[in-house]
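Numbering (my numbering), first residue to last: 518 to 985.
Written below as structure tokens is the structure these notes are about.
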């Protein structure tokens, strides 16, 4: 872990590729050795067993003729001395010894270097290999074991041409593997750089994002996991950028909303101090109204901020949504009638709809939505509230008459401080927080709220609550 701590990802990828190739080569070499052991050596051992039986029969015939093993020991000693002289470069001076009996037992030089002879007590006569380590066959004369002939293990013959060929093939395999490993390493390095390029690009972009450059974007190429991660990064950057812009806009709008009533309040107080306006119940009432307006604005802002921080509390319980809507409609009927508007409630099903919610928050939600229609609907007009149950959802529709809203405004009416009118006249536009508060209450109930064009020519608002 300490060695790889300072490595970059392209170095780690390169190391992984190279180590994988080395592991593959070592595995292939092990398989090659295993295959050799199971194949060639097994075949040679089986062939030795067949030849040992022939050697035992020939040796038995010679033993019958000589009645001891001295003749073989003498020929074997002569042959060993000749080999020693051969190694001392005296081959031309010393002719090969005559070994007719050994030639009869094993005519091939392949077996001569491996020949072993043991007496009846399994003690070595020719050769120094232990009896237990050799492949042997009993030599029987008249059903009596007079000795054992054997062969040294094929693994001990380092001079054997067949084994030398196998080793040469193994060495060639290792050389070829090393050459291929070098080529793979040369190809792996640019491949590791190519694979790490999008990660490096994302690293640089992340540093810019951490520095507050939320307009940073990553070029998305391909459809793999890195491309998906790049898309997620771009979405995160876009969200942060929009959040920052919304925060700036929220601060500016809040300052504007507070500036106007505070300016009015300050002007009236200064006028009273200068004697321009007399202190009277009417002037005090005006000051009180502006103070209430500021208090309501602060309460609305506090409620929205608590919702954004997740601190807005809800007292959830099983409630009948029909009753809450009916109570809200009854409380709003008089203001609607005074404004020359009709307010109706439609629910066609027999059984009431029970859902889990906060009755006070829902009453506030429905009151805000009805007040919104009360402010903007032209008289004579009407607002129809409909309650439906569909697909395990309670659906509440608010449909009023003209005027309506444009498609662009329809998608923004739930934003904080947004007004359909371009002017800041609070007499027509309000504070621009009512529908934003409605959206926060609906979100607190895990529901959805959306706007559409009412079939009656005005604005339609659809609220959905889950019933499970």
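Just so you know, even glycine gets a beta-carbon here, dropped at the ideal spot from N, CA and C.
- Separation of residue 551 and residue 582 (C-alpha to C-alpha, rounded to the nearest whole angstrom) is 45 Å.
- Cβ contact annotation for residue 845 (same chain, cutoff 8 Å, sequence separation greater than five): 880, 883, 884 and 887, in chain order.
- Residue 889 holds the alpha-carbon nearest to the alpha-carbon of residue 849 among 835, 571, 889 and 806.
- The continuous stretches of alpha helix (DSSP H) do not include residue 642, which lies in the beta strand (DSSP E) extending over residues 641-643.
- Contact between residue 823 and residue 875 is ruled out by a C-beta separation of about 14 Å, above the 8 Å threshold.
- Considered as a whole, the segment 752-780 harbours no complete run of any beta strand (DSSP E) with no fewer than 3 residues.
- At least 8 Å separates the beta-carbon of residue 652 from that of residue 712.
- Boundaries around residue 979 are those of the beta strand (DSSP E), 974-983, since no alpha helix (DSSP H) includes it.
- Exclusion of the five residues before and after residue 970 leaves 921 and 977 as the residues of its chain whose Cβ lies within less than 7 Å of its Cβ.
- By the Cβ neighbour-count rule, residue 893 is buried, with 16 or more other Cβ atoms within 10 Å of its own.
- Where residue 656 is concerned, the enclosing beta strand (DSSP E) starts and stops at 652-658.
- Judged by beta-carbon spacing, residue 966 lies beyond the 8 Å limit of residue 935, meaning their Cβ atoms are not closer than that value.
- Scanning 864, 730, 818 and 632 for the CA closest to the CA of residue 838 turns up 864.
- Here the alpha carbons of residue 805 and residue 793 stand approximately 19 Å from one another.
- Less than 8 Å divides the Cβ of residue 958 from the Cβ of residue 878.
- Of the residues assessed, residue 662 falls on the exposed side of the cut-off, its CB having fewer than 16 other CB atoms within 10 angstroms.
- In the displayed model, residue 585 falls within coil according to three-state DSSP, outside both helix and strand.
- Here residue 807 is buried: its Cβ has 16 or more other Cβ atoms, across all protein chains shown, within 10 Å.
- When beta bridges are read from the DSSP output, residue 872 appears opposite 836.
- For the pair residue 690 and residue 534, the CB atoms are not nearer than the 8 Å cut-off.
- Bridge partners of residue 911 according to DSSP: 906 and 982.
- Restricting attention to 637, 641 and 670, the CA atom closest to the CA of residue 664 is found in 637.
- Apart from the 5 residues on each side of it in sequence, residue 644 sits with its Cβ closer than 6 Å to the Cβ of 633 in its chain, given in chain order.
- A distance below 8 Å separates the beta carbons of residue 918 and residue 973.
- Considering only 730, 803 and 748, the residue with the shortest C-alpha distance to residue 737 is 748.
- Per DSSP, residue 958 is not a residue of any beta strand (DSSP E); the alpha helix (DSSP H) it occupies stretches across 951-961.
- In the DSSP assignment, residue 925 falls within the alpha helix (DSSP H) that extends over 924-927.
- By the neighbour-count definition (other C-beta atoms within 10 Å, threshold 16), residue 573 is a buried residue.
- A straight line joining the alpha-carbon of residue 708 with that of residue 714 spans about 10 Å.
- In this structure, residue 873 lies near residue 835, with their beta-carbon atoms less than 8 Å apart.
- Where residue 661 is concerned, the enclosing beta strand (DSSP E) starts and stops at 661-668.
- For residue 740, no beta strand (DSSP E) run applies, since DSSP gives it neither H nor E.
- Taking every protein chain shown into account, the CB of residue 797 has fewer than 16 other CB atoms within 10 angstroms, so this residue is exposed.
- As the crow flies, the alpha-carbon of residue 595 is around 11 Å from that of residue 588.
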